[in-house]
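Asks: Protein chains in written order, with numbering that gives the first Met the number 0: chain A, 0 to 262; chain B, 0 to 165. The beta carbon of each residue, even a glycine, is placed where N, CA and C say it ideally should be.
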Amino acid sequence: MLKRLTKLLQGIGSRMLERIWRLGAAARFFFYTMVYSGESLRRPQLVVREVYFTGVMSLIIILVSAFFVGMVLALQGYNTLQKYGSSDAIGVLVALSLVRELGPVVTALLFAGRAGTAITAEIGLMKATEQLSAMEMMAVSPIARVVAPRFWAGVISMPILATLFSMTGILGGYMVAVPLIGVDDGAFWSQMQANVDFKEDIVNGFIKSCVFGVACTLIALFEGYDAPPTAEGVSRATTRTVVISSLAVLGLDFVLTSFMLSP
Amino acid sequence: MERTTIDLWVGIFAAAGLAAMMGLAMKVGNLTTSGIGETYAVTAAFENIGGLKARAPVKSAGVVVGRVDGIQFDTKTYEAIVTIKIDKRYEFPKDTFASIYTSGLLGEQYVGLDAGGDSVPLKNNDKIAHTQDAVVLEKMISQFLYNKASETGDTKSGDKKQVGEK
Numbered sequence: 000m001l002k003r004l005t006k007l008l009q010g011i012g013s014r015m016l017e018r019i020w021r022l023g024a025a026a027r028f029f030f031y032t033m034v035y036s037g038e039s040l041r042r043p044q045l046v047v048r049e050v051y052f053t054g055v056m057s058l059i060i061i062l063v064s065a066f067f068v069g070m071v072l073a074l075q076g077y078n079t080l081q082k083y084g085s086s087d088a089i090g091v092l093v094a095l096s097l098v099r100e101l102g103p104v105v106t107a108l109l110f111a112g113r114a115g116t117a118i119t120a121e122i123g124l125m126k127a128t129e130q131l132s133a134m135e136m137m138a139v140s141p142i143a144r145v146v147a148p149r150f151w152a153g154v155i156s157m158p159i160l161a162t163l164f165s166m167t168g169i170l171g172g173y174m175v176a177v178p179l180i181g182v183d184d185g186a187f188w189s190q191m192q193a194n195v196d197f198k199e200d201i202v203n204g205f206i207k208s209c210v211f212g213v214a215c216t217l218i219a220l221f222e223g224y225d226a227p228p229t230a231e232g233v234s235r236a237t238t239r240t241v242v243i244s245s246l247a248v249l250g251l252d253f254v255l256t257s258f259m260l261s262p
Numbered sequence: 000m001e002r003t004t005i006d007l008w009v010g011i012f013a014a015a016g017l018a019a020m021m022g023l024a025m026k027v028g029n030l031t032t033s034g035i036g037e038t039y040a041v042t043a044a045f046e047n048i049g050g051l052k053a054r055a056p057v058k059s060a061g062v063v064v065g066r067v068d069g070i071q072f073d074t075k076t077y078e079a080i081v082t083i084k085i086d087k088r089y090e091f092p093k094d095t096f097a098s099i100y101t102s103g104l105l106g107e108q109y110v111g112l113d114a115g116g117d118s119v120p121l122k123n124n125d126k127i128a129h130t131q132d133a134v135v136l137e138k139m140i141s142q143f144l145y146n147k148a149s150e151t152g153d154t155k156s157g158d159k160k161q162v163g164e165k
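1) Does Lys-122 (chain B) come out as helix, strand or coil in the three-state DSSP assignment?
2) Looking at the structure shown, is Ala-40 (chain B) part of a helix, part of a strand, or coil, going by DSSP?
3) Just curious, the beta strand (DSSP E) that Lys-93 (chain B) is in, first and last residue?
4) What does the alpha-carbon distance come out to for the pair Ile-89 (chain A) and Tyr-77 (chain A)?
5) Can you name the residues of chain A whose CB is closer than 7 Å to the CB of Ile-83 (chain B)?
6) Using a Cβ cut-off of 8 Å (strictly closer), state whether Leu-136 (chain B) contacts chain A.
7) Over the uninterrupted alpha helix (DSSP H) stretch that includes Tyr-31 (chain A), give me the two end residues.
8) Looking only at DSSP bridge pairs, what is Lys-58 (chain B) linked to?
9) I'd like to know whether the C-beta of Thr-162 (chain A) is nearer than 8 Å to at least one C-beta of chain B.
10) Gly-50 (chain B): buried (16+ other C-beta within 10 angstroms of its C-beta) or exposed?
11) Can you tell me where the alpha helix (DSSP H) with Ala-127 (chain A) in it begins and where it stops?
12) Using a Cβ-Cβ distance under 8 Å, would Gly-69 (chain B) count as near chain A?
13) Interface residues of chain B around Val-63 (chain A) at Cβ under 8 Å?
14) Under 8 Å by Cβ, that's how I've got Val-104 (chain A) and Asp-252 (chain A) pegged, so tell me the actual separation to the nearest angstrom.
15) At least one CB of chain A closer than 8 Å to the CB of Asp-86 (chain B): is that the case?
16) Look up Gly-69 (chain B) in the DSSP assignment and give the residues it is bridged to.
17) Please confirm whether Gly-250 (chain A) and Ile-159 (chain A) have their CB atoms less than 8 Å apart.
18) Could you name the residues of the same chain whose beta carbon sits closer than 8 Å to that of Thr-5 (chain A), not counting the 5 residues immediately before and after it, in chain order?
19) Within the chosen definition, does the stretch 66-79 of chain B reach the stretch 116-129 of chain B through at least 3 CB pairs nearer than 8 Å?
20) Taking the alpha carbon of Ala-114 (chain A) as the point to measure from, which residue in A:Leu-255, A:Ser-244, A:Met-137 and A:Ser-261 has its own alpha carbon closest?
21) Considering Lys-130 (chain B), what are the terminal residues of the beta strand (DSSP E) in which it resides?
22) Any Cβ of chain B within less than 8 Å of the Cβ of Gly-212 (chain A)?
23) Could you confirm whether any beta carbon from chain A is found closer than 8 Å to the beta carbon of Met-247 (chain B)?
24) Buried or exposed: where does Gly-181 (chain A) fall if 16 or more other Cβ atoms within 10 Å of its Cβ makes it buried?
25) Return helix, strand or coil for Thr-151 (chain B), following the three-state DSSP convention.
26) Please classify Thr-76 (chain B): does DSSP put it in a helix, a strand, or coil?
27) If you draw a straight line from the alpha carbon of Asp-200 (chain A) to that of Asp-225 (chain A), how long is it in whole angstroms?
28) So what's Val-162 (chain A) in DSSP terms, helix, strand or just coil?
29) If you check the beta carbons only, do Thr-79 (chain A) and Thr-237 (chain A) fall under 8 Å apart?
30) Give the residues of chain B in contact with Trp-188 (chain A), contact being defined as C-beta atoms less than 9 Å apart.
31) I'd like to know if Arg-14 (chain A) contacts chain B, where contact means its C-beta is closer than 8 Å to some C-beta of that chain.
32) Please confirm whether Ile-48 (chain B) has its beta-carbon closer than 8 Å to some beta-carbon of chain A.
33) Work out the CA separation of Phe-52 (chain A) and Val-9 (chain B) for me, nearest whole Å.
34) Using a Cβ-Cβ cut-off of less than 8 Å, list which residues of the stretch 46-63 of chain A approach chain B; keep chain order.
35) Exposed or buried, what is Pro-56 (chain B) when buried is set at 16 or more other beta-carbons lying within 10 Å of its beta-carbon?
36) With H, G and I counted as helix, E and B as strand and the rest as coil, what does DSSP make of Thr-101 (chain B)?
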């Protein structure tokens, strides 16, 4: 009985220790990425290539889901608002929920699933096939050549994607609210403009998306770089990327929102 | 430098992002409506501002002429000091009346300006002397109940003098 208990405690302890160890390694990894950023930013062609793969290739899934999210918001919102006779406020509801929350958060979740997994798998496989070691042999830092361009590409792409998400979502909401339901076109936009503040809502949403971009990209890169160089290791690292990124995004969202809402 | 199709796509991507940001700022946000341009500030003291908030509109005859810039509490008079920024294009006489109204039954609150007859206009950092507080629903209801009670009391005693009074 006592033996089993000690074994359990040992298991918990070693797992905790492993987590903390990885956290420290991730911090060091982040530091190196920052240090080597200058080197990779001097070759913008690398970053542009990665923006294409992480940003432009994610565009379709982001835009399509944004359109549907906006349409659903308008439908659901109308259903409830109409009970209180304020269906004109549908524009405000759609715009505020998209710009403040859904734009950055849903984009980050989709980004982690679409681009984050690709980054992890790519870097994990590079490591498994010893391409990273080969670079080190040639005195090319893999962090400068492989990691830093992907990091900056993710940090650049994420806010752009989130902004496009919000805009497309609002257009989707407009499509449902005005032609389909018959809310007044002028009331839709004017109520929205009266209640959405540029600094309070739009800029704060933008800041959120930047933070999520850093978090998602960094997690994906570190998981790939730290993956055991086997097929199983890469597959596990890819799963962990999605899980940790999603949790990190939702947790960070709470922290950022509580900061932004406090006066 | 060699140009590739990837560059083109990334360029389109970045341009679309910028366009979306502009769209959000102009069409969705209040960047266009809040840019009043040159303004002058006046203050007004209220005993009760209700739910008035900073950035609430200031209207005269229903037209937005300015915005509430800030709200402070004066510890000497125990009144709320509301700072209002009014567009330079609009001049108001010195004896303008400032009141706090509610748009709709439960809508947001705004400051309404009713122009007086004075020939001297309000200047920067002036204070509006005549104000009317926000209507607090609970006060109104209790007053109504009080009046009702006194009314029935009065009819019993036969004295109908106080019925018309508040």
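Replies: According to the data block:
1) Reduced to three states, the DSSP call for Lys-122 (chain B) is coil.
2) Reduced to three states, the DSSP call for Ala-40 (chain B) is strand.
3) Where Lys-93 (chain B) is concerned, there is no enclosing beta strand (DSSP E), given that its DSSP letter is neither H nor E.
4) Straight across, the Cα-Cα distance linking Ile-89 (chain A) with Tyr-77 (chain A) is about 6 Å.
5) Within 7 Å Cβ-Cβ: nothing; Ile-83 (chain B) doesn't reach chain A, min ~18 Å.
6) With 8 Å as the cut-off, Leu-136 (chain B) does not count as an interface residue toward chain A.
7) Its alpha helix (DSSP H) spans residues 1-40.
8) Bridge partners of Lys-58 (chain B): B:Val-63 and B:Gly-111.
9) Yes, because at least one Cβ of chain B sits closer than 8 Å to the Cβ of Thr-162 (chain A).
10) Exposure of Gly-50 (chain B) is indicated by the presence of fewer than 16 other C-beta atoms within 10 angstroms of its C-beta.
11) Residues 116-127.
12) Not an interface residue.
13) Residues of chain B passing the Cβ test: none, with the nearest at roughly 15 Å.
14) That pair is a contact at about 5 Å.
15) No, Asp-86 (chain B) does not count as interfacial toward chain A.
16) DSSP lists B:Thr-82 as partners of Gly-69 (chain B).
17) In this structure, the beta-carbon distance from Gly-250 (chain A) to Ile-159 (chain A) does not fall below 8 Å.
18) Counting only Cβ-Cβ distances below 8 Å, and skipping sequence neighbours, we find nothing.
19) Inter-segment contact for the stretch 66-79 of chain B and the stretch 116-129 of chain B is absent: fewer than three beta-carbon pairs are separated by less than 8 Å.
20) The residue with the shortest Cα to Cα distance from Ala-114 (chain A) is A:Ser-244.
21) Going by the sequence as given, residue 130 (chain B) is Thr instead of Lys. Unbroken beta strand (DSSP E) run through Thr-130 (chain B): 129-131.
22) With 8 Å as the cut-off, Gly-212 (chain A) does not count as an interface residue toward chain B.
23) Since the first and last residues shown for chain B are 0 and 165, residue 247 (chain B) lies out of range.
24) Exposed is the call here.
25) Thr-151 (chain B): helix per DSSP, three-state reduction.
26) Residue state, collapsed to three classes: coil.
27) Each residue's Cα considered, the two are about 37 Å apart.
28) This sequence places Thr at residue 162 (chain A); Val is not what is there. The three-state reading of DSSP puts Thr-162 (chain A) in helix, counting H, G and I together.
29) Their beta carbons are not under 8 Å apart, which means Thr-79 (chain A) does not touch Thr-237 (chain A) by this criterion.
30) When 9 Å is used as the limit between beta carbons, Trp-188 (chain A) is near these residues of chain B: Lys-26 and Val-27, in chain order.
31) At a cut-off of 8 Å between beta-carbon atoms, Arg-14 (chain A) makes no contact with chain B.
32) It does not; no Cβ of chain A falls within 8 Å.
33) Cα to Cα, Val-9 (chain B) sits roughly 9 Å from Phe-52 (chain A).
34) Cβ contacts with chain B: Val-47, Arg-48, Val-50, Tyr-51, Gly-54, Val-55 and Leu-58.
35) Under this definition Pro-56 (chain B) is a buried residue.
36) The DSSP-derived three-state label of Thr-101 (chain B) is strand.
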